[in-house]
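To keep things clear, I will list the structure first and then write my remarks on it.
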Amino acid sequence: MSPTEAPVEPAVSLRDVSMAFGGKTVLESVSLDIAPGSVVALLGANGAGKSTLIKILSGVHTDHGGEVTVNGSPAALQSPLAARQLGIQTVHQRIGEGIVPGLTVAENLVFEELAQARGNPFLNGRRVLARAREIQSALDLGWSDALLKRDVTELGISDRQLLILARALATRPRLLILDEPTSALSAAEAERLFALVEKMRDDGIAVLYVSHRLGEIDALADRLVVLRDGRLTEDQIKPFDWDSALRAMLAQAQEATTARPQRAGEQGAQGSQGEILLSLRGVRLLEGRTPQDLDLRAGEVTGVVGLLGAGKTELARGLFGAEPFTTGAVELGGKAYEPRRPADAIRAGVHLVPEDRHADALVPGWSLAQNISLPFLKSLSTAGLVNRSKEDALGRETIEALGVVARDEHSTVEELSGGNQQKVVVGRWLAERPRVLILDEPFRGVDIGARRDIGRRARALAAEGAAVLVLSADVDEVLEVADRVVVLAAGEIHLDAYGEDAERDRVIQTISASV
Amino acid sequence: MTTTQSAAPAKTATPSTLAAAGPRIQNAVIKYGFIFVTVTLFTYFALSEPSFRDSATLLDTLRYVSVAAILGLGVTLTMAVGGMDMSVGAVAGLGVTVAAKTMVTYNQVGVVAIIAVIVAGALAGLLNALLIVVLKIPDMLATLGTMFVIQGTKLILVDGQSITPGMTQSDGTTAPGRFTEGFLRIDRGTILGIPVSVVIFGALTVVAWVFLARTRWGRVLYAIGANPEASRLAGIRVGAYRALAYVLSGVLASIGGLILAARIGQGDVSAGTSQLLEAVAVALVGTSVLGRGRPNVWGTALGAVLIGIITTGLTIKGLPYYTQDVVEGAVLILALIFSFTLSKRRTA
Chain E
3 MSPTEAPVEP AVSLRDVSMA FGGKTVLESV SLDIAPGSVV ALLGANGAGK
53 STLIKILSGV HTDHGGEVTV NGSPAALQSP LAARQLGIQT VHQRIGEGIV
103 PGLTVAENLV FEELAQARGN PFLNGRRVLA RAREIQSALD LGWSDALLKR
153 DVTELGISDR QLLILARALA TRPRLLILDE PTSALSAAEA ERLFALVEKM
203 RDDGIAVLYV SHRLGEIDAL ADRLVVLRDG RLTEDQIKPF DWDSALRAML
253 AQAQEATTAR PQRAGEQGAQ GSQGEILLSL RGVRLLEGRT PQDLDLRAGE
303 VTGVVGLLGA GKTELARGLF GAEPFTTGAV ELGGKAYEPR RPADAIRAGV
353 HLVPEDRHAD ALVPGWSLAQ NISLPFLKSL STAGLVNRSK EDALGRETIE
403 ALGVVARDEH STVEELSGGN QQKVVVGRWL AERPRVLILD EPFRGVDIGA
453 RRDIGRRARA LAAEGAAVLV LSADVDEVLE VADRVVVLAA GEIHLDAYGE
503 DAERDRVIQT ISASV
Chain D
2 MTTTQSAAPA KTATPSTLAA AGPRIQNAVI KYGFIFVTVT LFTYFALSEP
52 SFRDSATLLD TLRYVSVAAI LGLGVTLTMA VGGMDMSVGA VAGLGVTVAA
102 KTMVTYNQVG VVAIIAVIVA GALAGLLNAL LIVVLKIPDM LATLGTMFVI
152 QGTKLILVDG QSITPGMTQS DGTTAPGRFT EGFLRIDRGT ILGIPVSVVI
202 FGALTVVAWV FLARTRWGRV LYAIGANPEA SRLAGIRVGA YRALAYVLSG
252 VLASIGGLIL AARIGQGDVS AGTSQLLEAV AVALVGTSVL GRGRPNVWGT
302 ALGAVLIGII TTGLTIKGLP YYTQDVVEGA VLILALIFSF TLSKRRTA
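So the sequence lines, in the order shown, correspond to chains E and D.
Residues in the first sequence are numbered from 3 upward in steps of one, following the numbering used here.
Residues in the second sequence are numbered from 2 upward in steps of one, following the numbering used here.
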């Protein structure tokens, strides 16, 4: 980490910051100096520890190890309020959380001052408007009095985002943390935001910028750091070496990947023997992007690699009928396949292991066996009565087949570790054999042992003649399990290769070329 | 560096002192606390008041709670899908009016009245389902709205008057019919010495329990209540099942209305109103029984019995009838403490 010694005193500096949740380390000895008047981009895959780091800096997580200093003196970030008072402002991804509907734009703009306990308890419309005018002119927002007096809900999404930013800036922060600020904005809207960020930097504010959009970071940031598995693994100053940054972010340490235990026999460049099971024609994955064609073959594991927002989840949910495609046609086994809802897909033998197991798959408080049987209760019932011994047997089979570490099939899902919960979800969708199995980020928050077990089951299923689709942002996870690799960026396919053609360097280069 | 590493894992969540002091005792309190309270009260009343031990008193108690209990079963079904039905009392009241109208005004036999009442209940449930599932109105508000609409409809049906046999109708004629003997037996008759309404209560409890706890449909209802999106992605038609819960709740409420009608023996326009809070209370008390923290049929039935025991016991003890609401409210709050405060602390 060479470029850390800054000539000026850092605005905020982290020393050996660590954090663990229930024994699981999420941040390990992170040290970082953020200089005033600079934009530092923070990159990392999901689960790398970015949000934990942000929460420490914004005073949400207080029980961390190591030290945070603000302007040279140790800082006690004991609460979000304390962090704000020390000059650390955070703008979160969810814009809605910061907006107070029913108040005017002006009132929202000075809301932080209004909410101060010590302030004048009476709202003075004229004073609020005067203060709001000051803020808007200082930041060149170009907002008229008429707009300031309107209800905030009349603002569009990008103006809301600017409002939240302006509010944070009105307090003259030392460090501004922007967490995925452009995720809801169009390119033109994002430009306005960039102009504001550049203005802040010129005013001497330190900016920590978290984004998955590499193009923005390239244009905006002075420096980038990569967080992976709780450690800082890369630190660059402009101009950036994207290949190296992406490798640090997406690929595993070299030694872990040299031995690929389960990858199918290298099939060679054109080694596609299975028949086409699922074929997509003219399917638009993201709004405003070119429609795509894709064929999935029986007996094959197809891996789709792409960053967040590349259209992976749209592909998975579209094929499963959870959010049907709006354009194009899909054929399954030569017949038209148009699932309007997940029930249609399941009937056709298309199963999805969703991205977020807690929100989209597991039923809290239920036993393992009950969680596994949920989609297939009909075939486990006689005259509507659930046959519990059959259900338990199915639970035990899954535990056995995937090596789930659990007391027995009656354990509740909360008793299991993340990796074992994921095995349960995967096992559920193998309980009745699918023709097509889609796994969306199946290895997130999953230890290496569980990853191997899940990968082995996916490969075994393909060997039995199913088509398996694995979607992930992690290149090595995909290479480990897939016969064929497809690179998806901004809703379009950039590489579709087998075996040796799908080497990690080529995959990473394809992603970085599509930035 | 080494110091921070060793310090970090130690900083895990510290269990609350209460939980650390005796998690097993606490679990036992959560699980059996309510049953313990019921048995203790029962024993106390039985020992101190000889008339409480009389089997006629006990059957009367069960007969008294049967309406609230059956309405509570409906509430339990809607709570299972993560909703709530505030209209059960009004639907039961509508049942009373429809029964009286069918038999007294239209001079029909009891069977016709029974069918009419149940159809009315199912329609009310469908209305709730339409508002909640199709028009996406929050369950509590939607059923509060239908509660008023149904109460109002009932009044319009009878021109604001209670329907009594032999009454003078608005056109000057005398009402031709009366509550048939067979119909009145729903509450006043007995089977093997047990009041028919208590038999209905028992039978519906068993049927509802089998449905909710043993069939795949019941399983799906619980799944929807616990995680609707996961249920949808498991291929479940979430909307259809939520609608089913409200229709079944309407039907159960109308059965409660049948018992109420047979008990009153006339089309009392105010019938059913007081049943709502008892039904909701009974279902909520039910969630705390056995510490499951989720709506369940046995809990609801037991909750109803408990409230019956307390009311009867205190009445025999000479507490005036108007203190009853305070007592029932206190029981409900106690139950809520069991199912929310204590069990939350356990998982924290």
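Virtual Cβ for every residue (Gly too), placed ideally from N, Cα, C.
Note that the structure is a prediction, hence the values are computed from the model and not measured.
Kindly indicate the opening and closing residues of the beta strand (DSSP E) around residue i.
i, result
"P23(E)", "The sequence given here places Phe at residue 23(E); Pro does not occur at that position. Start and end: V14 to F23."
"V286(D)", "Careful: V286(D) lies outside any beta strand (DSSP E), inside the alpha helix (DSSP H) at Q276 to S289."
"R299(E)", "Q294 to R299"
"T77(D)", "First-last for T77(D): S56 to A81, but that is the alpha helix (DSSP H), not the beta strand (DSSP E)."
"L506(E)", "Looking at the sequence provided, one finds Arg at residue 506(E) rather than Leu. Segment R506 to A515 is the alpha helix (DSSP H) holding R506(E); no beta strand (DSSP E) there."
"E30(E)", "K26 to I36"
"D442(E)", "V438 to D442"
Just to confirm, is the Cβ distance from residue i to residue j under 8 angstroms?
i, j, result
"R286(E)", "T329(E)", "yes"
"V352(E)", "L282(E)", "no"
"G183(D)", "G90(D)", "no"
"V120(D)", "L213(D)", "no"
"T304(E)", "V470(E)", "yes"
"L95(D)", "I151(D)", "yes"
"D442(E)", "K314(E)", "yes"
"S250(D)", "V118(D)", "no"
"D519(E)", "K240(E)", "Outside the shown range of chain E (3 to 517) lies residue 519(E), about which nothing can therefore be said."
"R194(E)", "G39(E)", "no"
"V374(E)", "R430(E)", "The sequence as given places Ile at residue 374(E); Val does not occur at that position. Going by C-beta atoms, I374(E) is nearer than 8 angstroms to R430(E)."
"L364(E)", "V427(E)", "yes"
"L473(E)", "L439(E)", "no"
"S504(E)", "L490(E)", "This sequence places Ala at residue 504(E); Ser is not what is there. Not closer than 8 angstroms, so no."
"P344(E)", "R233(D)", "yes"
"L307(D)", "V286(D)", "yes"
"R176(E)", "N73(E)", "yes"
"I36(E)", "L210(E)", "yes"
On a CA-only basis, which of the options is nearest residue i? Give me that one, please.
i, options, result
"G421(E)", "A312(E), A452(E) and S369(E)", "A452(E)"
"T191(D)", "R233(D), A331(D), Y33(D) and D61(D)", "D61(D)"
"S163(D)", "R295(D), T106(D), E50(D) and M87(D)", "T106(D)"
"L229(E)", "T184(E), G457(E) and A50(E)", "A50(E)"
"R17(E)", "K240(E), R174(E) and L59(E)", "L59(E)"
"H94(E)", "E115(E), K57(E) and N73(E)", "K57(E)"
"K318(D)", "L222(D), Q267(D), G173(D) and L48(D)", "L48(D)"
"G68(E)", "S15(E), L364(E) and E325(E)", "S15(E)"
"G506(E)", "A475(E), G493(E) and I159(E)", "Residue identity differs from the one stated: residue 506(E) is Arg in this sequence, not Gly. When only C-alpha atoms are compared, the closest one is A475(E)."
"V99(D)", "S255(D), G34(D), F341(D) and A305(D)", "S255(D)"
"T288(D)", "L78(D), Y65(D) and L59(D)", "L78(D)"
"G178(D)", "A246(D), Y322(D), G304(D) and G266(D)", "G266(D)"
"G284(E)", "L178(E), L317(E), A403(E) and K380(E)", "L317(E)"
"V41(E)", "F23(E), L180(E), E11(E) and R446(E)", "L180(E)"
Counting C-beta neighbours from all protein chains within 10 Å, is the total for residue i 16 or more, i.e. buried, or is it exposed?
i, result
"L136(D)", "exposed"
"G127(E)", "exposed"
"N110(E)", "buried"
"R169(E)", "buried"
"N129(D)", "buried"
"G330(D)", "exposed"
"Q276(D)", "buried"
"A197(E)", "exposed"
"I334(D)", "exposed"
"Y45(D)", "exposed"
"A515(E)", "exposed"
"R220(D)", "buried"
Specify, as a first and last residue, the run of the alpha helix (DSSP H) that residue i falls within.
i, result
"R461(E)", "I450 to A465"
"V355(E)", "No alpha helix (DSSP H) holds V355(E); the beta strand (DSSP E) holding it covers V352 to V355."
"D147(E)", "D147 to K151"
"V426(E)", "G420 to L432"
"A132(E)", "G127 to A140"
Handout entry: Any alpha helix (DSSP H) of 4 or more consecutive residues that is wholly inside the region 141-200 of chain D
Key = Entirely contained in the region 141-200 of chain D, the alpha helix (DSSP H) runs reaching 4 residues are, in chain order, 182-189.
Problem - alpha helix (DSSP H) runs contained entirely in the region 227-270 of chain D, provided each spans 4 or more residues - result: Those alpha helix (DSSP H) runs which fall completely within the region 227-270 of chain D and span 4+ residues are 229-234 and 239-265.
Practice task
Any chance you could list the beta strand (DSSP E) runs of at least 3 consecutive residues sitting entirely within the region 191-240 of chain E, in chain order?
Solution key: Whole beta strand (DSSP E) segments, 3+ residues: 208-212, 225-230 and 233-239.
Problem - Complete alpha helix (DSSP H) runs within the region 298-327 of chain E (minimum length 4 residues, chain order) - result: Segments of the alpha helix (DSSP H) lying fully in the region 298-327 of chain E: 314-321.
Problem - Whole runs of the alpha helix (DSSP H) within the region 78-134 of chain D, excluding any shorter than 4 residues - result: The DSSP assignment places 89-101 and 111-130 as complete runs of the alpha helix (DSSP H) inside the region 78-134 of chain D, in order along the chain (cut-off: 4 residues).
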